[in-house]
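Residues in the sequence shown are numbered from 2 upward in steps of one, following full-length UniProt numbering.
Just so it is clear, CB atoms sit at the ideal spot from N, CA and C, and this is done for glycine as well.
What follows is a short report on a single structure.
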Amino acid sequence: NEKPIATPKRTAEILHKYGFSFKKSLGQNFIIDTNILQKIIHSAGIHKTSGVIEVGPGIGALTQQLAIAADKVVAYEIDQRLLPILKDTLQAVSNTTIIQQDILEADVRAMMNDYFNTGQPVHVVANLPYYITTPILMKLLREKLPVASFTVMIQKEVAERMAAEPNCKQYGSLTIAVQYYTDAEVVMNVPRNVFMPPPNVDSSVLKLTKKTERPVEIDDEEYFFTLVQACFAQRRKTLRNNLLRHFGDAVDKDTISSVLNEIDIDPARRGESLNMTEFAVLANAFYRKFE
Ligand code: SAM
Numbered sequence: 002n003e004k005p006i007a008t009p010k011r012t013a014e015i016l017h018k019y020g021f022s023f024k025k026s027l028g029q030n031f032i033i034d035t036n037i038l039q040k041i042i043h044s045a046g047i048h049k050t051s052g053v054i055e056v057g058p059g060i061g062a063l064t065q066q067l068a069i070a071a072d073k074v075v076a077y078e079i080d081q082r083l084l085p086i087l088k089d090t091l092q093a094v095s096n097t098t099i100i101q102q103d104i105l106e107a108d109v110r111a112m113m114n115d116y117f118n119t120g121q122p123v124h125v126v127a128n129l130p131y132y133i134t135t136p137i138l139m140k141l142l143r144e145k146l147p148v149a150s151f152t153v154m155i156q157k158e159v160a161e162r163m164a165a166e167p168n169c170k171q172y173g174s175l176t177i178a179v180q181y182y183t184d185a186e187v188v189m190n191v192p193r194n195v196f197m198p199p200p201n202v203d204s205s206v207l208k209l210t211k212k213t214e215r216p217v218e219i220d221d222e223e224y225f226f227t228l229v230q231a232c233f234a235q236r237r238k239t240l241r242n243n244l245l246r247h248f249g250d251a252v253d254k255d256t257i258s259s260v261l262n263e264i265d266i267d268p269a270r271r272g273e274s275l276n277m278t279e280f281a282v283l284a285n286a287f288y289r290k291f292e
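Following this line, the structure appears as structure tokens:
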């Protein structure tokens, strides 16, 4: 029974059979277009040897196609009403495991040890619940899991911020947080009518590919992320003024300028003009001087 789940007709049948009603609060917008799913799986680079982690399988539309394309799929679903449905819709694919858990609470590293082979390439592929897009991605990135890439459907606006380049208005601390770990690329924009029900925002598929090495080693990652946030606190202000505000009474204006000048960063620049390497050098310089 490998009829695609992701068609309007089949999805409506499944929902009707189980009397399922969408929970808006859980970001439940299911995909009803198999073509879009194929494009997602293709851009994720999934092969017969791949392991896949999915977040939020819903009624299994993407899970089903992933199971066909990959070696193994492990999917986290928070809504227990979906478990009997998934058991039914995914009965024909045996290489799939559903874990009923909030992804934000999950020990993904331990799961990976249990389910995937050492050295097996593992990818995250998901149509994420939009109310927690950023917490989910930041959790998975910060944990430094052995995951090769993340291909996710998210809000277009968030995708653009994550994949932004310096000197544009989408570029900010979220960009740096994501691009510290990965190379980010918007793969495609997706129309609202491929979802049931259609979401209230536009969507894009974002691909994050794990960086194999860092441009600059960072002394203290927490310090780095805090300082980056400070540099974007008031976007119209110069680096010097944002840093002055951040350090409060602890550091004066001339000292801030001299630290910046030492690393060849003009104190009159704005945070949005600094690239990743410059932020890294900046954070290390202040860290070494003041921590
Ligand atoms: N993958 C399906 C598809 O593409 O049709 C459904 C995607 S839907 C946008 C998001 C799914 O994430 C829903 O099934 C929802 O119940 C689930 N979800 C929401 N919050 C979650 C959480 N904290 N942990 C795991 N799953 C969650």
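The beta carbons of Ser205 and Ala160 sit closer together than 8 Å. DSSP places Thr8 outside both helix and strand once states are collapsed to three, so it counts as coil. By the neighbour-count criterion, in which 16 or more other beta carbons inside 10 Å mark a residue as buried, Ala127 falls on the buried side. In the three-state DSSP reduction, His43 falls in the helix class (H, G or I). Of Thr50, Pro199, Lys40 and Ala165, the smallest CA-CA separation from Asp184 is found for Ala165. Taking 7 Å as the cut-off, the C-beta of Pro216 does not count as close to any heavy atom of the ligand SAM. A straight line joining the alpha-carbon of Glu106 with that of Ile133 spans about 13 Å. Nearest Cα to Leu240 within the set Leu228, Ile69 and Asn118: Leu228. Ile264 places its beta carbon 8 Å or farther from that of Leu245. With distances taken between CA atoms, Asn276 lies nearest to Ser174 out of Asn262, Ser174 and Asp80. Counting along the chain, no alpha helix (DSSP H) covers Glu218, and no H or E run does either. Taking the Cα positions, Gly59 is about 39 Å away from Ile219. In the pairwise beta carbon analysis, the segment 18-33 is classified as not touching the segment 42-55: fewer than three pairs are separated by under 8 Å. Counting along the chain, the unbroken alpha helix (DSSP H) around Asn242 starts and ends at Leu240 to Phe248.
The closest heavy atom of the ligand SAM lies less than 7 Å from the beta carbon of Gln29.
Put simply, of Pro199, Asp203, Lys211 and Pro198 the residue whose alpha carbon is nearest the alpha carbon of Glu186 is Lys211. Put simply, the backbone Cα of Val202 is about 15 Å away from that of Arg162. Under the three-pair Cβ rule at 8 Å, the segment 113-132 counts as touching the segment 28-46.
Here Phe196 is bridged, per DSSP, to Ile32. Within the same chain, Leu27 come within 6 Å of Asp80 by CB-CB distance, once the 5 residues on both sides are set aside. Beta bridge pairing from DSSP links Asp184 with Thr210.
His48 sits in coil when the DSSP states are folded into three classes, being neither helix nor strand. Inclusion of Thr152 and Ser44 in the CB contact set at 8 Å is warranted, their separation being smaller than that value.
Excluding its 5 nearest sequence neighbours in each direction, Arg289 has C-beta neighbours in its own chain below 8 Å: Asp220, listed in chain order.
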